[in-house]
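Before any comments, here is the structure.
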Amino acid sequence: DAGVIQSPRHEVTEMGQEVTLRCKPISGHDYLFWYRQTMMRGLELLIYFNNNVPIDDSGMPEDRFSAKMPNASFSTLKIQPSEPRDSAVYFCASTSTGRRYEKLFFGSGTQLSVL
Amino acid sequence: DQQVKQNSPSLSVQEGRISILNCDYTNSMFDYFLWYKKYPAEGPTFLISISSIKDKNEDGRFTVFLNKSAKHLSLHIVPSQPGDSAVYFCAASKNGNKLVFGAGTILRVKS
């Protein structure tokens with residue numbers, strides 16, 4: 047079991063550029079979550095999907111953020127245009143119905159720096 | 169509006185002693201609480217949980233206590249080991265809904 051795979055591990059970009067973060071959930075998991083970690087606010091839920099359908103995107107900070115899940119094995123989080131305040135660690139996590147919270151598996155995260 | 173608060177950004181404890189990490193919440197509808205542990209450059213991993221119908225749950229060296237009237241939970245680690253040094257996140261949910269996390273507490277266990 048490879049676990050949740052995120053890419054890239056680090057991303058450095060300039061303000062105004064488009065950023066795309068990628069996630070491959072654990073095979074068989076039907077829930078996928080995108081979180082953002084900052085020093086002040088800890089782990090914030092941005093959006094989550096169930097069976098590839100977005101269920102709750104109320105945590106997405108602005109229209110500059112968008113997320114897609116075209117199939118059960120891939121999801122993207124896009125920021126366009128990026129701003130310095132978007133700098134954070136972005137985590138993807140997946141789990142399966144029935145044991146949703148005890149078995150929330152996180153990827154290693156993408157460290158995003160917007161200059 | 170942070171519904172889950174971890175007011176201590178960091179905690180330092182001597183190896184072999186007890187570590188107590190605290191968490192407060194504001195939403196009385198939360199019915200399930202969890203602790204996650206995070207090492208540098210890794211994602212958080214599940215540690216221990218407790219349902220609102222209980223006031224204590226124990227797993228080896230880790231015990232979580234829940235005080236519903238005070239809207240407070242704590243994680244006790246006894247005895248603390250250097251490998252326990254990590255960031256600990258408190259989290260809560262209601263009705264099987266999305267998890268709300270706190271800001272985290274950095275635990276350092278000194279040998």
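Residue numbers (this note's numbering), protein chains in the order written: chain A, 47 to 161; chain B, 169 to 279.
Glycine included, every Cβ here is placed at the ideal spot set by N, Cα and C.
Taking 8 Å as the cut-off, decide whether the C-beta atoms of residue i and residue j are in contact.
i	j	result
B/Gln182	B/Lys278	yes
A/Gly153	B/Gly211	yes
A/Thr84	A/Ser128	no
B/Lys266	A/Leu91	yes
B/Asn175	B/Asn195	no
B/Asp192	B/Lys239	yes
B/Leu275	B/Leu179	yes
A/Arg156	A/Glu64	The identity of residue 156 of chain A in the sequence shown is Thr, whereas the question assumes Arg. No.
Is the shortest distance between the beta-carbon of residue i and the beta-carbons of chain B less than 8 Å?
i	result
A/Met106	no
A/Ser142	no
A/Leu89	yes
A/Leu92	no
Within a Cβ cutoff of 8 Å, which residues of the same chain sit near residue i, ignoring the five residues on either side of it in sequence?
i	result
A/Ser119	Lys70, Pro71, Ser73
A/Pro130	Met61, Val160, Leu161
A/Pro100	Ile93, Tyr94, Ala113, Met115
B/Thr213	Tyr204, Lys205, Lys206
Please list, in chain order, all residues of the same chain as residue i whose beta carbon is under 6 Å from its beta carbon, the five residues on each side excluded.
i	result
A/Thr141	His75, Tyr77, Lys149, Leu150
B/Ile216	Trp203, Asp227, Phe230, Val232
B/Asp223	Leu234
B/Met197	Lys262
B/Tyr207	Ala254
Is it right to say residue i is buried, meaning 16 or more other beta carbons lie within 10 angstroms of its own, or is it exposed?
i	result
B/Ile186	exposed
A/Gln126	exposed
B/Gly270	buried
B/Ser253	buried
B/Gln249	exposed
A/Thr143	exposed
A/Asp132	buried
A/Ala48	exposed
Going by DSSP, what residues sit across from residue i in a beta bridge?
i	result
A/Asp102	A/Tyr94
B/Ala254	B/Leu275
A/Tyr77	A/Asn96, A/Thr141
B/Asn263	According to DSSP, B/Asn263 bridges with nothing at all.
A/Ser64	The sequence given here has Glu at residue 64 of chain A, not Ser. BP columns for A/Glu64 are empty, so no partner.
Using a Cβ-Cβ cut-off of 8 Å, state whether residue i counts as contacting chain A.
i	result
B/Phe269	yes
B/Pro143	Absent from the structure is residue 143 of chain B, since the part of chain B shown begins at 169 and ends at 279.
B/Lys266	yes
B/Ala209	yes
B/Phe257	yes
B/Gly228	no
Please work out which residues of its chain come closer than 7 Å, Cβ to Cβ, to residue i, disregarding the five sequence neighbours upstream and downstream, and give them in chain order.
i	result
A/Thr122	Thr66, Leu67, Arg68, Ala113, Lys114
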